[in-house]
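In my numbering, the protein residues as written are 259 to 545. All C-beta atoms, glycine included, are put in the ideal place defined by N, C-alpha and C. Notes for the one structure printed next.
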């Protein structure tokens, strides 16, 4: 069903902008739902296919229950709806001239630096919003629901309360509004890449098995990128490791788990054969 723009609505008015983008709501909802379903579904299927490998890299002994899976999925459906409404608000902002969003014509170089900027700023936003939601005043109303997934699964990626979903979804329109004030017209493709990057890193953080290769935390070129163990420790202990993509903020603010590197090394030991850890490999016969 196509919603017509009211004849009484003046071009440039909020009523006109809302009516113009309302027809895209189904597309926006489909995009947010499909991102979640594809990312969580593909990773879950992968962990089943490589079960021996994944089991040897399990971070916790505890397993998520069927009840956990159901709660995570249905809570994520609520989050998808919140994200869709926030995306609609972003499009309204573009129609009103508050947000500069260039849907085509950007060079790959522009897309690359804009993508990098949006990821780095989002990591800072996530860290401080996350810490704020862990305060005594806000935790129960905003973040407690997500921490019901003490042993998270990929389906926990969007398992938020309504308040937390709103805080998380608000980043995109806020970021685009702020950059627009500096005359930066963001490339639509950079935003598209960011949205996919966000959900992929999100399901990886909640995988339950360490997905990053052994030696990751011991290499200066990679140790600043957070791992599955990094976020899983936050779920299992309820504190430490508030960052999302990177370890910078936790290191700078002294909130990184003191034994993070040790936990990672234990979880990410090299697989020798048939999914065995190095310590479990049969001893070579003596001659």
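Taking every protein chain shown into account, the CB of residue 501 has 16 or more other CB atoms within 10 angstroms, so this residue is buried. Restricted to the region 429-458, the alpha helix (DSSP H) segments that are unbroken, complete and at least 4 residues in length are 429-439, listed in chain order.
No residue range can be given for residue 500, since it is assigned to no alpha helix (DSSP H) and is classified by DSSP as neither H nor E. Nearest neighbour of residue 422 by Cα position, chosen from 521, 404, 411, 413, turns out to be 404. For residue 351, the enclosing alpha helix (DSSP H) starts and ends at 324-354.
A contact is defined here as three or more CB-CB pairs under 8 Å, and the region 337-354 meets this definition with respect to the region 425-440. In the three-state scheme derived from DSSP, where H, G and I count as helix and E and B as strand, residue 360 is classed as strand. Residue 486 places its beta carbon 7 Å or farther from that of residue 472. Taken through DSSP and simplified to helix, strand or coil, residue 317 comes out as coil.
A straight line joining the alpha-carbon of residue 293 with that of residue 523 spans about 31 Å. Burial state of residue 298 is buried, judged by a 10 Å Cβ sphere holding 16 or more other Cβ atoms.
Pairing residue 446 with residue 355, the inter-Cα distance amounts to about 15 Å. The region 448-461 makes no contact with the region 473-482: fewer than 3 CB pairs, one atom from each, lie closer than 8 Å. One alpha carbon belongs to residue 378, the other to residue 513, and they sit about 18 Å apart. Only buried fits residue 489, as 16 or more other CB atoms lie within 10 angstroms of its CB.
In summary, residue 528 is exposed, with fewer than 16 beta-carbon neighbours lying within 10 Å of its beta-carbon over all protein chains present. For residue 346 against residue 434, the beta-carbon gap comes to about 14 Å, at or over 8 Å, which does not count as contact. Its chain contains 338, 339, 342 as the residues whose beta carbon lies nearer than 8 Å to that of residue 287, once the 5 sequence neighbours on both sides are disregarded; these appear in chain order.
Looking at the DSSP output, residue 387 sits in no beta bridge, so it has no partner there.
For residue 301, the enclosing alpha helix (DSSP H) begins and ends at 283-307.
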